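Student: Protein chains in written order, with the working numbering: chain A, 10 to 194; chain B, 10 to 194. We put the CB at the ideal spot given by N, CA and C, even for glycine. Bear in mind that the values here come from a model prediction, so they are computed numbers and not experimental data.
Number of protein chains: 2
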Amino acid sequence: MPRAGLSTAAVVDAALDVVDQQGIEGLTLAAVAGRTGVAPPSLYKHVRSLSELRTLVGERVLNEMADRFIAVVIGYSGDDAVTALMHAYRAYVGEHPRRYAAVPFDPLHSEALVEAGQRVLNVCLAVLRGYGMSDSAAVHATRCLRALAHGFVSIETNGGFGLPEDLDETYDQAIQMFLASLPRP
Amino acid sequence: MPRAGLSTAAVVDAALDVVDQQGIEGLTLAAVAGRTGVAPPSLYKHVRSLSELRTLVGERVLNEMADRFIAVVIGYSGDDAVTALMHAYRAYVGEHPRRYAAVPFDPLHSEALVEAGQRVLNVCLAVLRGYGMSDSAAVHATRCLRALAHGFVSIETNGGFGLPEDLDETYDQAIQMFLASLPRP
DNA sequence: CTTGAAAGTTAATGCCAATAGCTTGTGCGC
DNA sequence: GCGCACAAGCTATTGGCATTAACTTTCAAG
Numbered sequence: 010m011p012r013a014g015l016s017t018a019a020v021v022d023a024a025l026d027v028v029d030q031q032g033i034e035g036l037t038l039a040a041v042a043g044r045t046g047v048a049p050p051s052l053y054k055h056v057r058s059l060s061e062l063r064t065l066v067g068e069r070v071l072n073e074m075a076d077r078f079i080a081v082v083i084g085y086s087g088d089d090a091v092t093a094l095m096h097a098y099r100a101y102v103g104e105h106p107r108r109y110a111a112v113p114f115d116p117l118h119s120e121a122l123v124e125a126g127q128r129v130l131n132v133c134l135a136v137l138r139g140y141g142m143s144d145s146a147a148v149h150a151t152r153c154l155r156a157l158a159h160g161f162v163s164i165e166t167n168g169g170f171g172l173p174e175d176l177d178e179t180y181d182q183a184i185q186m187f188l189a190s191l192p193r194p
Numbered sequence: 010m011p012r013a014g015l016s017t018a019a020v021v022d023a024a025l026d027v028v029d030q031q032g033i034e035g036l037t038l039a040a041v042a043g044r045t046g047v048a049p050p051s052l053y054k055h056v057r058s059l060s061e062l063r064t065l066v067g068e069r070v071l072n073e074m075a076d077r078f079i080a081v082v083i084g085y086s087g088d089d090a091v092t093a094l095m096h097a098y099r100a101y102v103g104e105h106p107r108r109y110a111a112v113p114f115d116p117l118h119s120e121a122l123v124e125a126g127q128r129v130l131n132v133c134l135a136v137l138r139g140y141g142m143s144d145s146a147a148v149h150a151t152r153c154l155r156a157l158a159h160g161f162v163s164i165e166t167n168g169g170f171g172l173p174e175d176l177d178e179t180y181d182q183a184i185q186m187f188l189a190s191l192p193r194p
């Protein structure tokens, strides 16, 4: 009986592979077990349940997004920073559409998931701080940004935009719309 | 063996009840069978599979939305119509959050689902036609409207907006943002 | 009154999550 | 080097679900 040398992190790695290939509804313990060369019940040594695994996957994805957004935004401010952020958002989802769809937006699942979500949120808030808005105004603007970006990419990746018009152009227009709504110093 | 007198429509009705109460992941044939007083395999006389049932549910929901949007928009034009439409969108999802979440945005599921989606789309396009945009510009604007409305309500209903700021205010601001992006005749 | 299709039924298969209880690697103290 | 405890595996089992097959019963048209 050779030992596979698993860990919670390794299980989540395998789960991400499964999600990338088969989508969130294909994420089963059987699939992860197959990929890690282990019998399905063995996974319970590293993960409490399928539900917990899903939460861990979501947490990883949100942290991945936050890392990228921070990297992309550093050194920019104002409209440049907002534009970079929104493009990075769309680019991430374009590269990993199934991962993005695997994030449970319902944060009541776990503490760590909430925290990862906050990291993403804080990038937005920090970028908007440069516009001299009150804290409350920044919150409203952040919500608009999230709604716009999330709405666009989730419709886009689900094939919901059927018409032939160029999607890059639509997204640029959406960014312009958002920028125009921000106060000018 | 008394006969239950089912039909495809009745099965979808029961499925909508299940979705309203337990959400889309609670939509099982067993649950629908229980609610209709029938054994699970009997449902196959009216529905090809669980997957088809989900598609039928989505189709019903989209048509329900289109009906409401048409009703709400009639008699208005311009900013009033856009405002009414966006409020109706949010109101519908607020009243039936689980139904809305049950719509598969992936339209490759069925012809009828695509058609129902088009009905919703056409309301948006018709409302925007009043601004004297080219067809192509109207498509881009419609996409922005959909992205904004869908993004907002889906984050909202999933509890993704954690901070205490008033959500009505954010949504009004989002509407203003969208209106400001439209050409003024 | 008969008959046949439609609407049900029960039985069975296979997949999956989850639990229980057993076996075996493996690092740690000695 | 030696044993021991725990961690990491395993097999077996249960229970829920979708789905199929093969049947029985209702019911309406002729």
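1) Whose C-alpha, out of A:L52, A:D76 and A:V162, is nearest the C-alpha of A:Q41?
2) Can you tell me the Cα-Cα spacing of A:G171 and B:N72, whole angstroms?
3) Let's see if you can read the secondary structure: which residues bound the alpha helix (DSSP H) around A:E124?
4) Taking 8 Å as the cut-off, does the stretch 177 to 184 of chain A touch the stretch 150 to 159 of chain B (at least 3 CB pairs, one atom from each stretch)?
5) Return helix, strand or coil for A:M95, following the three-state DSSP convention.
6) Can you pull out the residues from the stretch 100 to 128 of chain B whose beta carbon lies closer than 9 Å to at least one beta carbon of chain A?
7) Measure the alpha-carbon distance for A:H149 versus B:A100 and round it to whole angstroms.
8) Note down, in chain order, every chain B residue with its Cβ under 7 Å from the Cβ of A:N167.
9) What whole-angstrom Cβ distance do A:V81 and A:L65 have, given they're in contact under 8 Å?
10) Pull out every residue of the stretch 172 to 183 of chain B whose Cβ sits closer than 7 Å to any Cβ of chain A, in chain order.
11) Can you give the beta carbon distance from A:A125 to A:A75, rounded, assuming they're within the 8 Å contact cut?
12) Anyone know if the C-beta pair for B:G46 and B:A110 falls short of 8 Å?
13) Roughly how many angstroms separate the alpha carbons of B:V123 and B:S86, rounded to a whole number?
14) What is the rounded straight-line gap between the Cα of A:V136 and the Cα of A:E165?
15) Grab me the residues of A:S190's own chain with a C-beta within less than 8 Å of its C-beta, minus the 5 sequence neighbours each way, in chain order.
16) Ignoring anything shorter than 3 residues or poking outside the stretch 52 to 92 of chain B, list the beta strand (DSSP E) runs there in chain order.
17) In the DSSP assignment, find the unbroken alpha helix (DSSP H) run with A:P106 in it and report its ends.
18) How big is the Cα-Cα spacing for A:Q127 and B:L188?
19) For the alpha helix (DSSP H) that contains A:F187, what are its first and last residues?
20) DSSP on A:S163, reduced to helix/strand/coil?
Tutor: Inspection of the coordinates gives the following:
1) For the record, residue 41 of chain A in the displayed sequence is Val; it is not Gln. Among A:L52, A:D76 and A:V162, the Cα nearest to that of A:V41 belongs to A:L52.
2) The straight-line gap from Cα to Cα measures roughly 18 Å.
3) Per DSSP, the unbroken alpha helix (DSSP H) holding A:E124 starts and ends at E120 to R138.
4) Touching, yes, given that three or more Cβ pairs across the two stretches are closer than 8 Å.
5) Correct three-state label for A:M95: helix.
6) Residues passing the 9 Å Cβ filter: P113, F114, D115, P116, L117, V123, G126 and Q127.
7) Those two C-alpha atoms are separated by around 19 Å.
8) Correct list: F114 and D115.
9) Actually they are not in contact, since the Cβ atoms of A:V81 and A:L65 sit about 25 Å apart, beyond 8 Å.
10) Answer set for the stretch 172 to 183 of chain B: L172, E174, E178, T179, Q182 and A183.
11) Yes, A:A125 and A:A75 are in contact; Cβ-Cβ is about 7 Å, under 8 Å.
12) Their beta carbons are not under 8 Å apart, which means B:G46 does not touch B:A110 by this criterion.
13) So the two alpha carbons sit approximately 26 Å from each other.
14) Cα to Cα, A:V136 sits roughly 25 Å from A:E165.
15) Excluding residues within five positions, the ones whose Cβ falls inside 8 Å are A150 and C153.
16) Taking only runs of at least 3 residues, no beta strand (DSSP E) segment lies wholly in the stretch 52 to 92 of chain B.
17) Segment P106 to A110, the alpha helix (DSSP H) holding A:P106.
18) Straight-line Cα distance between these residues: approximately 30 Å.
19) DSSP places A:F187 inside the alpha helix (DSSP H), whose first and last residues are L176 to A189.
20) Judged by DSSP in its simplified three-state form, A:S163 adopts helix.
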